[in-house]
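Under the working numbering, think of the first position of the sequence shown as 289, with each following residue one higher. Just below is one structure, and these are the notes that go with it.
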Amino acid sequence: MPVDHYENFPVASILLPKRLRRPIEAIYRFARGADDIADEGNASDAERLRALAVYGAELERIECGEHPATHEFKELADVIHEWRLPLQLFRDLLDAFAQDVVKKRYADFAELLDYCRRSANPVGRLLVHLVDEASEENLQHSDCICTALQLINFWQDIAIDWQKDRIYLPQSDLASFHIDEAQVGEHRWSNDWAALLDFQTERARNLMREGAPLVHQLPGRLGWEIRLTVQGGLRILEKIRHVRGDIFRHRPVLNRGDWLRMGSRALFM
Numbered sequence: 289m290p291v292d293h294y295e296n297f298p299v300a301s302i303l304l305p306k307r308l309r310r311p312i313e314a315i316y317r318f319a320r321g322a323d324d325i326a327d328e329g330n331a332s333d334a335e336r337l338r339a340l341a342v343y344g345a346e347l348e349r350i351e352c353g354e355h356p357a358t359h360e361f362k363e364l365a366d367v368i369h370e371w372r373l374p375l376q377l378f379r380d381l382l383d384a385f386a387q388d389v390v391k392k393r394y395a396d397f398a399e400l401l402d403y404c405r406r407s408a409n410p411v412g413r414l415l416v417h418l419v420d421e422a423s424e425e426n427l428q429h430s431d432c433i434c435t436a437l438q439l440i441n442f443w444q445d446i447a448i449d450w451q452k453d454r455i456y457l458p459q460s461d462l463a464s465f466h467i468d469e470a471q472v473g474e475h476r477w478s479n480d481w482a483a484l485l486d487f488q489t490e491r492a493r494n495l496m497r498e499g500a501p502l503v504h505q506l507p508g509r510l511g512w513e514i515r516l517t518v519q520g521g522l523r524i525l526e527k528i529r530h531v532r533g534d535i536f537r538h539r540p541v542l543n544r545g546d547w548l549r550m551g552s553r554a555l556f557m
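Given below as structure tokens:
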């Protein structure tokens, strides 16, 4: 389960308490590894689904208290048992990644949100469980942040996803803003495209702001970690707006100046 990807958002950073780094890294490796099966390389759809089924079988062994069949899952099993993490959240992640293999378009925003519920929200919920703060309100705020982060990832990676024959922009929104798929494939910017991206980034911004109160409910350094993650997402949205949605030629990347700005904003949340 390799972790060798550039990420805009911090994972198990130095801000986290040392005791949380091991379980967070184990969760991330599981999610990243399963996501890579669905996304990377030249495997056929059937091969990808079979490989994801292996992950599912390992979760079944963990649930039954059996020794994992592969070394990579032993640490995950230890983390799940030690921290009493809900296995269903891991299954939701696998379900979303399997969906990525076979589903390339989303009819409307509701369909996309259902995907985010399984592809992103479980990671945040697992984090909240790790610090024993899994109240219903905290979980809802976590869901808002994670869904916003997933949407931001979609909007910054439209061109990359197109190469995998995926479009996460809802089909109903494309029609409303008079955008066809040929325009996406040709990386053709227009005023209508800018309006569409403004609409989508505002959705993500509203979700992020709705979830932001979570930072005041999480203890110590973890709260600061989430503050920076929230500010990172908001900063990427600003960068997308600054180029009027032209992510084809200006994919947002966080630089040193952005991190300084995010740190300053985090102080005043």
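Positions of the beta carbon are idealized from the N, C-alpha and C atoms, including for glycine.
Hey, could you find the ends of the alpha helix (DSSP H) residue i is sitting in?
i	result
Tyr403	Phe397 to Ser407
Met496	Asn479 to Gly499
Gln471	Glu469 to Gly473
Pro311	Lys306 to Asp327
Is the beta carbon of residue j closer than 7 Å to that of residue i?
i	j	result
Val389	Arg336	yes
Pro305	Arg539	no
Leu516	Ala554	yes
Ala322	Leu382	yes
Arg413	Leu427	yes
Ile535	Gln451	no
Trp512	Leu303	yes
Ala314	Leu364	yes
Expressed to the nearest angstrom, what Euclidean distance is found between the alpha-carbon atoms of residue i and residue j?
i	j	result
Ala384	Arg406	5 Å
Leu476	Gly533	This sequence places Arg at residue 476; Leu is not what is there. For Arg476 and Gly533, the distance between alpha carbons rounds to 11 Å.
Lys527	Ala345	41 Å
His355	Ala331	28 Å
Asn479	Val531	12 Å
Asp453	Phe556	41 Å
Leu373	Glu474	44 Å
Met486	Arg529	For the sequence presented, residue 486 should be read as Asp rather than Met. Spanning the two alpha carbons is a distance of roughly 7 Å.
Phe361	Tyr343	9 Å
Trp481	His429	30 Å
Arg379	Ala447	29 Å
Arg537	Ala386	30 Å
Phe465	Asp402	23 Å
For residue i, does the count of other Cβ atoms within 10 angstroms reach 16, so buried, or fall short, so exposed?
i	result
Arg523	buried
Ser423	exposed
Ala319	buried
Gln488	buried
Val541	exposed
Gly499	buried
Within a Cβ cutoff of 6 Å, which residues of the same chain sit near residue i, ignoring the five residues on either side of it in sequence?
i	result
Leu495	Cys432, Thr435 and Ala436
Output needed for residue i: all residues of its chain with C-beta closer than 7 Å, excluding positions within five of it in sequence on either side, in chain order.
i	result
Ile440	Ala492, Gly521, Ile524 and Leu525
Arg393	Ile455 and Gln459
Apart from the five residues on each side of it in sequence, which residues of its chain come closer than 8 Å, Cβ to Cβ, to residue i?
i	result
Leu375	Leu347, Ile350, Glu351 and Ile368
Asp449	Phe442, Ile455 and Tyr456
Glu421	Gln505, Leu506 and Pro507
Return yes when the C-beta of residue i is under 6 Å from any heavy atom of the ligand ZN, and no when it is not.
i	result
Arg336	Of the ligands one can find in the structure shown there are none, so the ligand ZN has no counterpart to examine.
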